[in-house]
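Asker: Just so you know, the sequence shown maps onto residues -11 to 201 in this note's numbering.
After the C-alpha cells below, expect a handful of questions from me.
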Amino acid sequence: MKKIIIAPSILSADFANLERDIKLIEKNGADWVHIDVMDGHFVPNITIGVPVVKAIRKITNLILDVHLMIENPEKYISDFAKAGSDYITVHYEATLKNTNSVIDLIHSHNVKAGLSIKPKTSAEEIKRYLEDIELALVMTVEPGFGGQAFMSDCAEKIKYIKTNSKQDIIIEVDGGINDETAKVCKEYGANALVAGSYIYNSSNIKESIDLLR
Ligand code: DX5
Ligand code: ZN
-11 MKKIIIAPSI LSADFANLER DIKLIEKNGA DWVHIDVMDG HFVPNITIGV PVVKAIRKIT
49 NLILDVHLMI ENPEKYISDF AKAGSDYITV HYEATLKNTN SVIDLIHSHN VKAGLSIKPK
109 TSAEEIKRYL EDIELALVMT VEPGFGGQAF MSDCAEKIKY IKTNSKQDII IEVDGGINDE
169 TAKVCKEYGA NALVAGSYIY NSSNIKESID LLR
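Quick look at the structure:
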C-alpha cells in the first residue's frame, strides 16, 4: 500500500516562530507543509500571502502544498508559483466560470494543480476536471479557521472522487482531522491528510503524525 501523505497546516503554528515550527514537523516525519492562504473575501479570515511562501521555501525542502481560499485565484497563481509552491489548490467555487483555464495556468508554471470543494459543493460538480488535476481536496469543515469539528457527511465525497478519478490522483482531506477522523477518511480512500490543531497542539508531534498515518 502506498504511504499516506501527512500535511500539517501551519495555520496552527506559532507565526512568530514559523521556522522553528516548520523544522519541528520536518524532523518528526511530515511529508508536506500545508499553507492556508485566505483573502477575507472568499472566506471571512485573512492569513498568509506570497512573501511568506517565498520565505518558507528558503527554509525547508518539504513539498509546499498551497491552499488558496481566495477569490479570483488566476490573479495570484503566477506569484505563488514563483514563490516556490509545489502544489497550488484553488477552490472550485472561486473558479466557476474559468476552472479549465485556472488549471492550465497552474500547469503552465510546472506546478501541480489541485481543486477543492467546500462542504456544500457536491463531488459530482468536479467530476469533469478529475482527469486534469493532480490533487482533489475535500473540505470537511467550512474553510476559514482551524480547530473546527469534522463534518463526517462531507468525507463520503472521497469515495465518489476515488471511483471517478485516475489511479494516481491525490485525494486530500482538510478540516477536523485527528487520529479518529483520519481512519474514516483513509477507509474512504483519502491518501493525503491535512491536520493543523491536532498536530500543533500535540505534546508529541511524532506520535501524532504516526497515528494519523
Ligand atoms: C481551514 C484550513 C485548514 C485548517 C485545518 O480553512 O483549510 O487547513 O488549518 O485546521 P484543523 O486541522 O485544526 O481543522
Ligand atoms: Zn487548508
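Idealized CB from N, CA, C, for every residue including glycine.
Predicted, not measured: the structure shown is a model, and the values here were computed from it.
#1: Have a look at E112 and N179 and give me their C-alpha separation to the nearest angstrom.
#2: Whose C-beta lies closer than 7 Å to the C-beta of I193 among residues of the same chain, with five residues either side of it excluded?
#3: Using three-state DSSP, classify H97 as helix, strand or coil.
#4: Expressed to the nearest angstrom, what Euclidean distance is found between the alpha-carbon atoms of A137 and A1?
#5: Could you tell me the boundaries of the alpha helix (DSSP H) in which A183 lies?
#6: Spatial neighbours of G72 within its chain, please: CB distance less than 7 Å, with the 5 preceding and 5 following residues excluded, ordered by chain position.
#7: When the Cβ atoms of the segment 113 to 120 are set against those of the segment 129 to 144, are three or more pairs found closer than 8 Å?
#8: By alpha-carbon positions, which one of E195, G184 and L56 ends up nearest to Y75?
#9: So the alpha helix (DSSP H) Y64 belongs to, where does it begin and stop?
#10: Counting only runs that start and end within the segment 69 to 139, where is the beta strand (DSSP E) found for 3 or more residues in a row?
#11: Quick one: which unbroken beta strand (DSSP E) runs of 3-plus residues sit fully inside the segment 140 to 172? Chain order, please.
#12: Does at least one heavy atom of the ligand DX5 sit under 8 Å from the Cβ of V31?
#13: Look up A4 in the DSSP assignment and say whether it is helix, strand or coil.
#14: Can you check whether the CB of I158 is closer than 9 Å to the CB of E122?
#15: On the DSSP letters alone, give me the boundaries of the beta strand (DSSP E) that P32 sits inside.
#16: Below 8 Å, is the gap between the Cβ of D9 and the nearest heavy atom of the ligand DX5?
Answerer: Short version:
#1: 20 Å
#2: L12, I13, N16 and I187
#3: coil
#4: 18 Å
#5: Per DSSP, A183 belongs to no alpha helix (DSSP H); it is in the beta strand (DSSP E), A180 to A183.
#6: V41, K42, R45 and L52
#7: no
#8: L56
#9: It is not in any alpha helix (DSSP H) - Y64 carries neither H nor E in the DSSP assignment.
#10: 75 to 79, 100 to 105 and 123 to 127
#11: Every unbroken stretch of the beta strand (DSSP E) spanning 3 or more residues and falling wholly within the segment 140 to 172 is given here in chain order: 158 to 162.
#12: yes
#13: helix
#14: Closer than 9 Å, so yes.
#15: P32: not part of any beta strand (DSSP E); DSSP gives it neither H nor E.
#16: Checking the Cβ of D9 against the ligand DX5 gives no.
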